Every structure is written in structure tokens, then in C-alpha cells.
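K.L.:
My questions all concern the structure below.
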Amino acid sequence: MSEESSNARPGGAERASASFAGAVAPLLAVASMCSVQLGAALSRPATIEYGTVSTTWLRLCFAALALAIVVRPPLRTYSRQRWIAAVALGSAMAAMTLCFFAAVRRVPLGLAVAINFVGPLAVATFGVRKPAMLAWPVLALAGVLLLARQDGMWVASPAALIFPIGSALGWAAYILLMKRVGTLFDGLQGLSTSLIVAALVTTPFGLAQSGGHLPAGQLVDAAYLAVLVPLFPYVLELIALRRMSASAFGILMSAEPAIAAAIGFVVLAQPMSALQIAGTLCVVGASIGAVVQK
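Below you can see the structure in the form of C-alpha cells.
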């Protein structure tokens, strides 16, 4: 066998591996979105009965504990640079999660996610270098606006928009910081440490709302919901962000309002108008176009 032919196979294997990784990353992102929206829909009764802040805090605590048991992050060995990154990501997780579930309790799921989408949309637009790529965020934004309308009216009061806007800011920071943490830490150590930080940051707020009284039903609900959000999505997104750029990830996440509208309709009986269906098609089309063109 010639040297040329022997070198061809490793190159082909590397290309196949890279192609497989490129195909898997978008699937992981989609699975993450489905998990987030299903978890949000199923958590609404618990947040109404027990309170948004305390239930969200318990979810973060359970998720942090479960991942720490599996990963066992070596906290004492981290450098200052790693701690700064983990604390920043954990704080963004805490803000994003608290604001998101507060929004879901107050406005329809599709609208909450539509406004929340402003965060990844900003990340996607900021990372675009090809002028033609700007058409996809514009199309996605048009779809988001349609999803936020029903019967010729906005489906929430201006005061209720504070929470999804706060979640959008947290989500934008989360996307950028998750990418950074993924490069600084091995495996899931960075995610595990950041979840511990998020749980600690939300502890004062959770205790303030609960008054230290945590019913058994709330503990059970928070434990199983923690798997859907935030544990499962965070793990999937960390793996995905190691295989794709932050801007590509942000554009792909534009499908989330459509997924939220569908799950809101099926799980929460929140109907979609013709405009919202049109918005769904715009957002999905923008996501597909962005991924294909990139």
C-alpha cells in the first residue's frame, strides 16, 4: 500500500467524524429546547401553588446536587480564571431561570419564549459576518412578533414583560458564557460548578419566599422537574456549544418560540391563532435557512 493511500483513510475518518459532530450538534440543541418547554409547561401548576422563586430555587438545587454527585468537580484546584467564568455563568443561569419561570406564570408560554428569544437573536446577529445571513434573524424576528399577537392585540400587559426581557438578557449572557466555560473546563466540571453557583445565588430569594417551609409535594415536583429544566438542557447545550459557534447556536435556537407555542397548545391548552401559526413558520424557516446557509 502506498503512503498516499495510507494517509487518505485517516483524513476521510476525520472528515466523517467532523461531519457527524456537525450533524449531532443541532439535534442536541433541538432536544434541549423541547426539554425546556415541556418542563416549563409542566411546572406551571407547581409555581402557582408553591411560588415561582422557591420552586425554581429547589430545581436548581436538585440539578446542582445530582450533577455534582456524578461529576465530582475538583473545586479546590480551580484557577482564578475558571472561578470567574463559573461564577459569571452561574449568575446568568440564576437570573435567566428565575425570570423565565416568573414570565411563564404570568403570560402565555409562546409569548414568554418569543420575547425571551431576543437574547439569542442578539447573539446570532452580533456573530454574523456575511451580509446575506442577516435576512434570517430578520425573518425570525418577524415570526416572533406574529407569535406575540392574538386577535389583533398583544397578549400581555407591559408590566408583565419585565420578566421575559430579563430572561432574554440572561439567555444572551448564558450562551456566550457557556461557550467560555466549555473551553476552560474538562467534561462537565464547569457546568456542575456553575449550577452550584446558581443554586447558591438563588438561595436567599428561595428562602425568603418559602419562609423555610418546604412541603413534601413541592420537593417531589422540584426534583423531577429539575431533570427537564435545567439539568438535561444545560448538559445538551454545553455539548452542542463545543461543536458549533455561539452565533450558529443562537440562530438555531430561534425555533424555540415555535416549539413553545406547540407545547403550550398541547399541554396547557393555549390555542394558536392564524397569525401565530404564520409566525411559527417564519421562525422555523429562519432556523433552517440559517443552518443550511452557514
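Per full-length UniProt numbering: the sequence shown = residues 1 to 294.
All C-beta atoms in this analysis are idealised placements derived from N, C-alpha and C, irrespective of residue type, glycine included.
Because the structure is a prediction, the values reported are computed rather than measured.
Where A102 and A46 are concerned, what is the direct C-alpha to C-alpha distance, given to the nearest angstrom?
P.N.:
Going from the Cα of A102 to the Cα of A46 covers about 12 angstroms.
K.L.:
Which of the three DSSP states, helix, strand or coil, is assigned to Q37?
P.N.:
Q37: helix per DSSP, three-state reduction.
K.L.:
Do three or more CB pairs link the segment 128–145 to the segment 240–255 at distances below 8 angstroms?
P.N.:
Enough Cβ pairs lie closer than 8 angstroms, so yes.
K.L.:
Would P233 pass as a contact of V36 if the rule is Cβ separation under 8 angstroms?
P.N.:
It is a contact, given that the beta carbons lie within the stated cut-off.
K.L.:
Could I get the ranges of all uninterrupted alpha helix (DSSP H) runs contained in the segment 38–89, with 4 residues as the minimum, in chain order?
P.N.:
Counting whole runs of 4 or more residues, the segment 38–89 contains the alpha helix (DSSP H) stretches 52–71.
K.L.:
Thinking C-alpha only, which one of V123, G279, V70 and L268 is nearest A172?
P.N.:
Checking every option, the nearest Cα to that of A172 belongs to V123.
K.L.:
With H, G and I counted as helix, E and B as strand and the rest as coil, what does DSSP make of R149?
P.N.:
Note: R149 maps to strand in three-state DSSP.
K.L.:
Identify every residue that forms a DSSP beta bridge with W154.
P.N.:
R149.
K.L.:
Could you give the residue range of the alpha helix (DSSP H) that holds K179?
P.N.:
Run containing K179: I162 to L184, per the alpha helix (DSSP H) assignment.
K.L.:
Should I175 be labelled buried (16 or more other beta-carbon atoms within 10 Å of its own) or exposed?
P.N.:
By the neighbour-count rule (16 or more Cβ atoms within 10 Å), I175 is buried.
K.L.:
Does the Cβ-Cβ distance between S167 and A86 come in under 8 angstroms?
P.N.:
Not a contact, by the Cβ cut-off of 8 angstroms.
K.L.:
Measuring CB to CB, does F249 end up less than 8 angstroms from L241?
P.N.:
Contact flag set, yes.
K.L.:
Do three or more CB pairs link the segment 24–44 to the segment 222–229 at distances below 8 angstroms?
P.N.:
The segment 24–44, when compared against the segment 222–229, does touch it at the 8 angstroms Cβ threshold.
K.L.:
Is E4 helix, strand or coil by DSSP?
P.N.:
A caution first: E4 carries a pLDDT of 47, below 50, which makes its placement in the model unreliable, though a value can still be read off. Helix, per DSSP.
K.L.:
Mapping the DSSP letters down to three states, classify V107 as helix, strand or coil.
P.N.:
In the structure shown, V107 sits in coil (DSSP, three-state: anything other than H, G, I, E or B).
K.L.:
Using a Cβ-Cβ cut-off of 6 angstroms (strictly less than) and excluding sequence neighbours within five positions of T55, which residues of its own chain qualify?
P.N.:
Only A46, T47 and A222 meet the Cβ criterion.
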